[in-house]
Amino acid sequence: MKIGILCYPTYGGSGIVATELGMSLANKGYEVHFISSALPARLDITNPNIFFHKVNVQTYPLFQYQPYDIALSSMIYRVVNLYKLDLLHAHYAIPYAYAAFTAKQMLKEDNNDIPLVTTLHGTDITLVGQHPSYKHAVEFSINQSDAITSVSESLKKDTLQFFRIKKEIQVITNFIDNTEFEDLNECQRTQFASADEKILIHVSNLRPVKRVEEVLQIFKNVEKKVKSKLIIIGEGPEMEKVNQFLEENPELISKIRLLGKVNDLYRILRLSDVFLLPSEQESFGLAALEAMAANTPVISSNAGGIPEVNIQGETGFLAEIGNVEAMSNYTIKLLSNDELLAQMKINAKEQAIKFDLKNILPIYEEMYKTTIANF
Ligand code: GMT
């Protein structure tokens with residue numbers, strides 16, 4: 001089977017899921033064509049079954065905004081024709097489902113067509129997609145897809161609540177390849193903390209929905225009771241809030257490490273004791289699943305799909321969105337009790353195994369086959 005994957009190339013969760021899925025399919029012998037504005041962050045382009053097609057946008061002084069979606073549709077049309085693809089898989093409705101629909105219309109002019117699967121990831125439904133500027137086009141392109149999947153039950157519910165969806169939405173959860181966490185070298189721990197200190201970690205693209213100021217506030221509360229350090233991984237618009245917090249709390253400067261984007265994320269997760277995710281919205285929380293796969297329990301809000309991943313009292317603790325006091329107390333409770341921490345590390349890993357790639361990949365393959373058969 002030849003599959004075209006349309007995704008964001010950045011460090012956002014949808015791009016990571018699309019890339020990991022495409023690479024796993026390629027390892028199983030599928031021919032996978034990535035169509036994106038840049039090489040996806042984790043894509044192994046050396047795999048002979050993987051192809052990358054960069055969408056080039058011609059800049060022209062007349063345009064205030066360059067018409068990316070037109071270039072994307074043209075590229076999809078061209079790749080489907082040249083490589084004789086069997087199926088398109090759009091990750092994130094905006095603009096991928098919409099551009100793929102346009103490409104399908106172009107193909108139909110040649111008496112050709114291709115099935116389209118759209119996977120909804122979160123902010124395309126809960127945030128950006130609801131804006132009046134996009135809403136109708138998002139609803140339309142989701143309905144024009146031949147199959148629709150969502151990464152959690154919570155996101156499916158939100159989609160049905162906010163849009164008039166005429167087709168069945170299949171929940172196929174995000175996944176993790178636990179083999180990537182085997183034999184991770186932990187020797188760096190001393191670079192981040194001394195033996196008597198615990199390590200708290202937060203990984204995100206530091207957008208407002210991540211509530212990074214609460215991560216800092218939780219750490220401030222925890223640090224008063226438990227000797228600890230905080231690692232923040234990622235870059236984004238809320239970095240200014242982090243800098244402001246450090247200016248107001250100079251005594252914490254030596255205890256907070258800002259690492260930006262890193263390549264060896266899993267090794268750093270592996271040496272951490274607790275992952276903080278106080279998000280306002282989270283359709284799934286892939287970052288939390290990655291932490292769990294590295295044996296790291298999660299203290300989180302109960303937003304969106306997080307409770308489907310982080311189980312209260314088992315893999316960590318959850319509190320109402322914005323309840324910094326509860327999340328701080330849970331973290332203190334966890335980090336002050338070595339027995340509880342050890343047990344939750346085991347539970348976190350067991351939970352990650354339930355979401356293992358080998359369980360989820362066959363579901364995607366089956367869905368592709370059914371979609372093509374019904375087309
Ligand atoms: O929130 C992010 O960090 C990025 C965002 C995206 O659109 O790529 O992530 C969304 O998709 C991920 C993969 O399916 C989910 O794990 C995230 O929960 C979801 N983010 C939100 O819903 C805010």
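Throughout the sequence shown, residue numbering follows the UniProt record's numbering, covering 1 to 375 in sequence.
Glycine is no exception: its CB is placed at the ideal position from the N, C-alpha and C atoms.
#1: Are the segment 34-54 and the segment 110-130 in contact at 8 Å, needing three or more beta carbon pairs?
#2: Any idea which residues DSSP pairs residue 258 with across the strands?
#3: Take residue 253 as the anchor and find which of 219, 285, 326, 55 has the nearest alpha-carbon.
#4: Mark residue 278 as exposed unless 16 or more other C-beta atoms lie within 10 angstroms of its C-beta, in which case mark it buried.
#5: The ligand GMT and residue 122: does any heavy atom of the ligand fall closer than 7 Å to the residue's C-beta?
#6: Please identify the residue among 329, 286, 93, 50 whose C-alpha is closest to the C-alpha of residue 174.
#7: For the candidate residues 30, 62, 151, 263, whose alpha-carbon lies nearest to that of residue 50?
#8: Buried or exposed for residue 105, going by 16 or more other Cβ atoms inside 10 Å?
#9: Pairing CB atoms from the segment 68-81 with CB atoms from the segment 1-20, are three or more of them under 8 Å?
#10: Quick one: give me the first and last residue of the beta strand (DSSP E) that residue 284 is part of.
#11: Within the continuous beta strand (DSSP E) that includes residue 149, where are the two ends?
#12: In this structure, what does DSSP give as the bridge partners for residue 338?
#13: Of all the options 262, 164, 127, which has the alpha carbon lying nearest to the alpha carbon of residue 141?
#14: Have a look at residue 147 and residue 13 and give me their C-alpha separation to the nearest angstrom.
#15: Measuring CB to CB, does residue 300 end up less than 8 Å from residue 152?
#16: Should residue 313 be labelled buried (16 or more other beta-carbon atoms within 10 Å of its own) or exposed?
#17: May I ask which residues mark the beginning and end of the beta strand (DSSP E) holding residue 90?
#18: If you draw a straight line from the alpha carbon of residue 116 to that of residue 88, how long is it in whole angstroms?
#19: CB of residue 281 to nearest heavy atom of the ligand GMT: below 7 Å?
#20: Could you tell me if the beta carbon of residue 284 falls within a distance shorter than 7 Å of some heavy atom in the ligand GMT?
#21: Would you call residue 346 buried or exposed, if buried means 16 or more other Cβ atoms sit within 10 Å of its Cβ?
#22: For residue 120, which beta-bridge partners are listed by DSSP?
#23: Counting beta carbon pairs with one atom in the segment 353-371 and one in the segment 261-274, are three or more of them shorter than 8 Å?
#24: By Cβ distance, which residues of its chain are closer than 6 Å to residue 232, with the 5 residues on each side in sequence left out?
Let's see:
#1: no
#2: The residue labelled residue 258 in the question sits at position 258 within the sequence shown. Answer is 232, bridged to residue 258.
#3: For the purposes of this step, residue 253 is identified with residue 253 of the sequence shown, where counting begins at 1. For the residues 219, 285, 326, 55, the minimum Cα distance to residue 253 belongs to 219.
#4: Taking the sequence shown and counting its residues from 1, the one referred to as residue 278 is at position 278. Buried.
#5: For the purposes of this step, residue 122 is taken as residue 122 along the sequence shown, with counting starting at 1. Yes - the ligand GMT has a heavy atom lying nearer than 7 Å to the Cβ of residue 122.
#6: The residue you call residue 174 lines up with position 174 of the sequence shown. It is 286 whose Cα lies nearest to the Cα of residue 174.
#7: In the sequence shown, counting from the first residue as 1, residue 50 sits at position 50. Ranking the options by Cα distance to residue 50, first place goes to 30.
#8: As a first step, residue 105 must be located in the sequence shown, where it is residue number 105. Exposed, since its Cβ has fewer than 16 Cβ neighbours within 10 Å.
#9: yes
#10: On the sequence shown, position 284 is the one that residue 284 refers to. Element bounds for residue 284: n/a, residue is neither H nor E.
#11: As a position in the sequence shown, residue 149 is number 149, starting the count at 1. Its beta strand (DSSP E) spans residues 147-150.
#12: As a position in the sequence shown, residue 338 is number 338, starting the count at 1. Residue 338 is not bridged to any residue.
#13: As a working note, residue 141 is residue 141 in the sequence shown. Minimum Cα distance to residue 141 is reached at 164.
#14: For the purposes of this step, residue 147 is identified with residue 147 of the sequence shown, where counting begins at 1. For the purposes of this step, residue 13 is identified with residue 13 of the sequence shown, where counting begins at 1. Those two C-alpha atoms are separated by around 21 Å.
#15: Here residue 300 refers to the residue found at position 300 of the sequence shown. Here residue 152 refers to the residue found at position 152 of the sequence shown. Cβ atoms of residue 300 and residue 152: not closer than 8 Å.
#16: Working through the sequence shown from its first residue, we reach residue 313 at position 313. Classification of residue 313: exposed, given that the 10 Å Cβ count is below 16.
#17: Position 90 of the sequence shown, counted from the start, is the residue given in the question as residue 90. Residues 87-91.
#18: For the purposes of this step, residue 116 is identified with residue 116 of the sequence shown, where counting begins at 1. For the purposes of this step, residue 88 is identified with residue 88 of the sequence shown, where counting begins at 1. If you take the alpha carbons of residue 116 and residue 88, they lie about 5 Å apart.
#19: Position 281 of the sequence shown, counted from the first residue, corresponds to residue 281. Indeed, a heavy atom of the ligand GMT lies less than 7 Å from the Cβ.
#20: Within the sequence shown, the letter at position 284 stands for residue 284. Yes - the ligand GMT has a heavy atom lying nearer than 7 Å to the Cβ of residue 284.
#21: For this step, residue 346 is matched to residue 346 along the sequence shown. The residue is exposed, with fewer than 16 neighbouring Cβ atoms inside 10 Å.
#22: To locate residue 120, count along the sequence shown from 1; it is residue 120. Looking at the DSSP assignment, residue 120 forms a beta bridge with 150.
#23: The segment 261-274 makes no contact with the segment 353-371, as fewer than three CB pairs between them are under 8 Å.
#24: On the sequence shown, position 232 is the one that residue 232 refers to. Taken in chain order, the residues that qualify are 202, 258.
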